[in-house]
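Asks:
Take a look at the structure:
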């Protein structure tokens, strides 16, 4: 699982501070999460292929989380895209995008499929044979969701040495073994699957918690998540402003990570009021140990090929 930070700051964009957007690769599936202004430039900068983007998740309809979307869609059209584009977003985004396309008379030659979100309860919004995605209901000034991305349990892994000791097992039997089935010999002896295979890799998970007031009840939805991004617009010195604007502090993000038993916390959506971002990490670490700061271009990789999950951070 690999997460690339494209933008991680709050509403006011600057030359070195881009609004929210992330690119997630999990179990060979690829997702764009939020699409603040300038996202397509960041995709180019970090050499992410536009053709990899078929599913876009928008947390809420504040501009710093979706103003880059119409530009990206327009560029897709200029590049003669043909594949369907799926957008998972609050009700209302379709009307905005359709009006922009109509006004500019720039209808794309591909289909945009809108998955409109309006439920206040967590729900499954994406499901295929590898990954499932759930909403994480948040509380902000407008309807807002976070997203929980979860790998499905994979196939069991063949124990080749054990298989060689049972010459009746042929290549055509391998898939049944991977699917967890026992092997029955010609004389009726049952060889249990666990004697012929190893457990599959541990499924990985990532939770993206966008703009929200401190909401401890989401911890049950994202329980035991491997990687958690939680907004931390303010430090606790501006607790009142955070409550008024329905944002979180770094300390509150740390509390969510601890309550959810997350393995790693990423902080982001930093207010432009602050110049020393290390203070966010220090504040969150008063309640939770494993904290990193989001930064444009940072790549966070989680490896589950061993029984112990390994985390690698580039930058």
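Numbering (my numbering), first residue to last: 41 to 355.
Even for Gly, the Cβ is constructed at its ideal location relative to N, Cα and C.
Keep in mind it's a predicted model, so treat the numbers as computed, not measured.
1. Ignoring anything shorter than 3 residues or poking outside the segment 292-349, list the beta strand (DSSP E) runs there in chain order.
2. Contact defined as beta carbons within less than 8 Å: I believe residue 337 pairs with residue 250. What is the distance between those atoms, to the nearest angstrom?
3. Opposite residue 288 in the DSSP bridges: which residues?
4. For the pair the segment 260-278 and the segment 199-209, tell me if three or more CB-CB distances fall below 8 Å.
5. So within the segment 199-270, which uninterrupted alpha helix (DSSP H) runs reach at least 4 residues, ignoring any that extend past its ends?
6. From the DSSP output, in three-state form, read off residue 107 for me.
7. Please state whether the Cβ-Cβ distance between residue 129 and residue 98 is less than 7 Å.
8. Just the Cα atoms here: how many angstroms apart are residue 202 and residue 238?
9. Count the C-beta pairs between the segment 129-144 and the segment 101-114 that are closer than 8 Å, then say yes if the count reaches three, no if not.
10. What do you get for residue 164, buried or exposed, if any count of 16 or more other CB atoms within 10 angstroms of its CB means buried?
11. Beta-carbon separation of residue 289 and residue 275 under 7 Å?
12. Taking the alpha-carbon positions, what's the residue 347 to residue 243 distance?
13. Could you tell me whether the Cβ atoms of residue 218 and residue 196 are closer together than 7 Å?
14. Terminal residues of the continuous alpha helix (DSSP H) containing residue 84?
15. If you draw a straight line from the C-alpha of residue 382 to the C-alpha of residue 145, how long is it?
16. Write down the C-beta distance between residue 200 and residue 240 rounded to the nearest angstrom, noting that I regard them as a contact closer than 8 Å.
17. Of the residues 279, 162 and 248, which one's Cα is nearest the Cα of residue 266?
18. Going by beta carbon distance, what residues of the same chain come within less than 7 Å of residue 172, once the five residues before and after it are set aside?
19. On the DSSP letters alone, give me the boundaries of the alpha helix (DSSP H) that residue 89 sits inside.
20. What does a CB cutoff of less than 7 Å around residue 333 pick up in its chain, not counting 5 residues either side in sequence?
21. Just how far apart, CA to CA, sit residue 70 and residue 245?
22. Following the continuous beta strand (DSSP E) through residue 141, name the residue where it begins and the one where it ends.
23. Apply the 10 Å Cβ neighbour rule to residue 118 and answer buried if 16 or more other Cβ atoms are within range, or exposed otherwise.
Replies: Result, derived from the coordinates:
1. Listed in chain order, the complete beta strand (DSSP E) runs (minimum 3 residues) inside the segment 292-349 are 305-308, 331-333 and 339-343.
2. Taking the first residue of the chain shown as 1, we reach residue 337 at position 297. Taking the first residue of the chain shown as 1, we reach residue 250 at position 210. Rounded, the Cβ-Cβ distance is 20 Å, inconsistent with contact.
3. The residue given as residue 288 occupies position 248 in the chain shown. According to DSSP, which records beta bridges pairwise, residue 288 is partnered with nothing at all.
4. Judged by pairs of C-beta atoms under 8 Å, the segment 260-278 does not touch the segment 199-209, as fewer than three such pairs exist.
5. At a cut-off of 4 residues, the continuous stretches assigned as alpha helix (DSSP H) that sit fully inside the segment 199-270 are 200-204 and 214-218.
6. Numbered from 1 along the chain shown, position 67 holds the residue referred to as residue 107. DSSP places residue 107 in coil when its eight states are reduced to three.
7. Here residue 129 refers to the residue found at position 89 of the chain shown. Here residue 98 refers to the residue found at position 58 of the chain shown. The Cβ-Cβ distance between residue 129 and residue 98 falls below 7 Å.
8. Within the chain shown, numbered from 1, the residue matching residue 202 stands at position 162. Within the chain shown, numbered from 1, the residue matching residue 238 stands at position 198. C-alpha separation (whole angstroms): 10 Å.
9. Contact holds: three or more Cβ-Cβ distances are below 8 Å.
10. Position 124 of the chain shown, counted from the start, is the residue given in the question as residue 164. The residue is exposed, with fewer than 16 neighbouring Cβ atoms inside 10 Å.
11. On the chain shown, residue 289 is found 249 positions in, with the first residue counted as 1. On the chain shown, residue 275 is found 235 positions in, with the first residue counted as 1. With a cutoff of 7 Å on beta-carbon distance, residue 289 and residue 275 are scored as near each other.
12. Walking along the chain shown from the start, residue 347 turns up at place 307. Walking along the chain shown from the start, residue 243 turns up at place 203. Here residue 347 scores only 45 on pLDDT, less than 50, and its place in the model is too uncertain to base an answer on.
13. As a position in the chain shown, residue 218 is number 178, starting the count at 1. As a position in the chain shown, residue 196 is number 156, starting the count at 1. Taking 7 Å as the Cβ cut-off, residue 218 and residue 196 qualify as a contacting pair.
14. Within the chain shown, residue 84 is the residue found at index 44, counting from 1. First-last of the alpha helix (DSSP H) with residue 84: 79-85.
15. This structure cannot speak to residue 382, because the chain is shown only from 41 to 355.
16. Reading the chain shown from its first residue, position 160 is the one you call residue 200. Reading the chain shown from its first residue, position 200 is the one you call residue 240. Contact flag wrong, Cβ pair sits at about 16 Å.
17. Taking the chain shown and counting its residues from 1, the one referred to as residue 266 is at position 226. Answer by Cα proximity: 248.
18. As a working mapping, residue 172 is identified with position 132 in the chain shown. For residue 172, where only same-chain residues beyond five positions count, the Cβ hits under 7 Å are 164, 166, 190 and 192.
19. Taking the first residue of the chain shown as position 1, residue 89 is located at position 49. Neither: residue 89 is in no alpha helix (DSSP H) and is coded neither H nor E.
20. Numbered from 1 along the chain shown, position 293 holds the residue referred to as residue 333. For residue 333, the CB contacts under 7 Å within the same chain, skipping 5 residues up- and downstream, are 307, 317, 320 and 321 in chain order.
21. What you label residue 70 is simply residue 30 of the chain shown in a count that begins at 1. What you label residue 245 is simply residue 205 of the chain shown in a count that begins at 1. So the two alpha carbons sit approximately 14 Å from each other.
22. Working through the chain shown from its first residue, we reach residue 141 at position 101. Element bounds for residue 141: not the beta strand (DSSP E) but the alpha helix (DSSP H), 133-144.
23. By one-based count along the chain shown, residue 118 stands at place 78. Around the Cβ of residue 118, a 10 Å sphere holds fewer than 16 other Cβ atoms; the residue is exposed.
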